[in-house]
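Visitor: My questions all concern the structure below.
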Amino acid sequence: MPIIGTEDTVKNLSREALLACRNERFCAEDIIITAAGRVDHLELQTHLERLFADVPQGTYSKDSVLPSYHKQVTTHERELEQVHLCLGTKALPQGSSKRYAGYVVNTILGGSISSRLFQEVREKRGLAYSVYSYVLSHSDAGTLVVYAGTKHERLLEVIEIILQLLRELKTVPVSGDEMEFAREHLKGNLLLSMESTDNRMTKLAKNEIYFGRQVPLSEITKGLDHTSPKQVMDLCNELFRDEFLTLEILGKLDGRSVTTDIFSLN
542 MPIIGTEDTV
552 KNLSREALLA
562 CRNERFCAED
572 IIITAAGRVD
582 HLELQTHLER
592 LFADVPQGTY
602 SKDSVLPSYH
612 KQVTTHEREL
622 EQVHLCLGTK
632 ALPQGSSKRY
642 AGYVVNTILG
652 GSISSRLFQE
662 VREKRGLAYS
672 VYSYVLSHSD
682 AGTLVVYAGT
692 KHERLLEVIE
702 IILQLLRELK
712 TVPVSGDEME
722 FAREHLKGNL
732 LLSMESTDNR
742 MTKLAKNEIY
752 FGRQVPLSEI
762 TKGLDHTSPK
772 QVMDLCNELF
782 RDEFLTLEIL
792 GKLDGRSVTT
802 DIFSLN
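Going by the working numbering, the residue at position 187 of the sequence shown is 728; the numbering climbs one at a time, nothing skipped.
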């Protein structure tokens, strides 16, 4: 079933069902409220305690099921100017001890305009205007996704380039210069993000949710500085495997057949 449900399930939602879901899942011990900026902590706490006095006590408990990663290709034929593709693979959860290597991997692969994806697919070959990678990490699992939009006749070529870049990260150690750039890029973005009050507020919440404490910037920069090329390559060999790959394609395929046979990372 689709994550958002079907037309029938949405039509059959009732106010009572929504309220029951809210009361079951939004419990006092699960709610985290953060604030940043010109705020008095004690005054805010007193105000919130009054506002949330009627929230059900306790915590929402349900057996969580870890997501499984399946090798698959899904295509959606549409009359679009470009073909859009997302290639996803397994990544790390938020609290993983290897998370700093994960940050570096994504930055080198497609996290900046100096990344391998951007330079190879866009700058060198002109096959895509938009190409990048990103990581989605949750408390128990994560995924790394590569996105590209290209002409439909260049689809297979772009997919092969992406796979080749993943293979290289598994087999060729990252150079010292590229490691240094990735570290400094991540640290620079982190420091710049702290100029935003909204980002500070979000960081407070995420640290509390995923780590149960506030993680100082010095700890993050130290973790990045201590990440080695070997750790990056070891992590790529752990995550970039055929059995974890999922490819989603949207656009005009003109009869092209794309199957899991195209995967060749192992």
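Each residue gets a CB set at the ideal place from its N, CA and C atoms; glycine is no exception.
Just so you know, these numbers come straight off a predicted model, no measurement behind them.
When DSSP builds the beta bridges, which residues end up paired with Tyr751?
Guide: Answer is none; Tyr751 lacks a bridge partner.
Visitor: Return the Cβ separation of Val687 and Ser671 in integer angstroms, given the expectation that the two are a contact with Cβ distance under 8 Å.
Guide: Not really, about 11 Å apart at Cβ, beyond 8 Å.
Visitor: Within 8 Å, do at least three Cβ pairs link the segment 784–793 to the segment 613–625?
Guide: Touching, per the Cβ criterion.
Visitor: Can you tell me whether Ser653 is buried or exposed, with buried defined as 16 or more other CB within 10 angstroms of its CB?
Guide: By the neighbour-count rule (16 or more Cβ atoms within 10 Å), Ser653 is buried.
Visitor: Select from Asn730, Val713, Leu806, Leu786 the residue whose C-alpha is nearest the C-alpha of Met774.
Guide: It is Val713.
Visitor: State the start and end residues of the unbroken beta strand (DSSP E) segment that holds Thr691.
Guide: Its beta strand (DSSP E) spans residues 683–691.
Visitor: Considering only C-alpha positions, which residue in the set Ala561, His625, Glu565, Tyr610 is nearest to Leu633?
Guide: Checking every option, the nearest Cα to that of Leu633 belongs to Tyr610.
Visitor: Mark Tyr641 as exposed unless 16 or more other C-beta atoms lie within 10 angstroms of its C-beta, in which case mark it buried.
Guide: With 16 or more other Cβ atoms within 10 Å, it is buried.
Visitor: Taking 7 Å as the line, does the beta carbon of Ser798 fall inside it for any heavy atom of the ligand NAP?
Guide: No copy of the ligand NAP occurs in the structure displayed, which carries no ligand at all.
Visitor: Nearest to Gly764 by alpha carbon, out of Cys568, Ser678, Leu727?
Guide: Selected option, being the one with the closest Cα: Leu727.
Visitor: Go through its chain and collect everything with a Cβ distance to Gln598's Cβ below 6 Å, but skip five positions before and after it.
Guide: Closer than 6 Å at the Cβ level, and outside the excluded window around Gln598, lie Ala569.
Visitor: Just curious, the beta strand (DSSP E) that Leu626 is in, first and last residue?
Guide: Its beta strand (DSSP E) spans residues 624–632.
Visitor: Which ranges would you report for the alpha helix (DSSP H) in the segment 711–750 if only whole runs of at least 4 residues count?
Guide: Those alpha helix (DSSP H) runs which fall completely within the segment 711–750 and span 4+ residues are 717–734.
Visitor: Are Leu658 and Leu668 closer than 8 Å when you measure CB to CB?
Guide: No. Outside cutoff.
Visitor: Span of the alpha helix (DSSP H) holding Thr616?
Guide: Note, Thr616: premise wrong, no alpha helix (DSSP H); beta strand (DSSP E) at 613–618.
Visitor: According to DSSP, simplified to helix, strand and coil, what is Ile790?
Guide: Three-state result, Ile790: strand.
Visitor: Just list the residues that DSSP pairs Ser678 with in beta bridges.
Guide: Note: Ser678 sits in a beta bridge opposite Gly683.
Visitor: Out of Asp802, Val606, Glu661, state which residue places its alpha-carbon closest to the alpha-carbon of Glu709.
Guide: Measuring from the Cα of Glu709, the nearest candidate turns out to be Glu661.
Visitor: Output needed for Ser656: all residues of its chain with C-beta closer than 8 Å, excluding positions within five of it in sequence on either side, in chain order.
Guide: The answer, listed in chain order, is Thr648, Ile649, Leu650, Tyr673, Ser674.
Visitor: Could you give the distance in angstroms between the alpha-carbon of Asn730 and the alpha-carbon of Glu622?
Guide: Roughly 33 Å between the two C-alpha positions.
Visitor: Out of Ser759, Val646, Leu585, Leu745, point me to the one whose CA is closest to Phe781's CA.
Guide: Out of Ser759, Val646, Leu585, Leu745, Val646 has the C-alpha closest to the C-alpha of Phe781.
Visitor: Alpha carbon to alpha carbon, what distance is there between Gln705 and Arg695?
Guide: Each residue's alpha carbon lies about 15 Å from the other.
Visitor: What residues in its chain sit with their C-beta under 6 Å from that of Val699, if we drop five residues either side in the sequence?
Guide: Within the same chain, Val699 has close Cβ partners Leu668, Ala689, Thr691.
Visitor: Could you pull the start and end residues of the alpha helix (DSSP H) that Met774 belongs to?
Guide: It spans 770–780 - the alpha helix (DSSP H) in which Met774 sits, taken as one unbroken run.
Visitor: When the Cα of Thr762 is compared with those of Thr743, Ala723, Gln772, which residue comes out closest?
Guide: Of the candidates Thr743, Ala723, Gln772, the one whose C-alpha sits nearest the C-alpha of Thr762 is Ala723.
Visitor: Does the beta-carbon of Arg663 have 16 or more other beta-carbons within 10 angstroms, so that it is buried, or is it exposed?
Guide: Label assigned to Arg663: buried.
Visitor: State the Cα-Cα distance for the pair Lys639 and Arg754, rounded to the nearest angstrom.
Guide: Cα-Cα distance, rounded: 18 Å.
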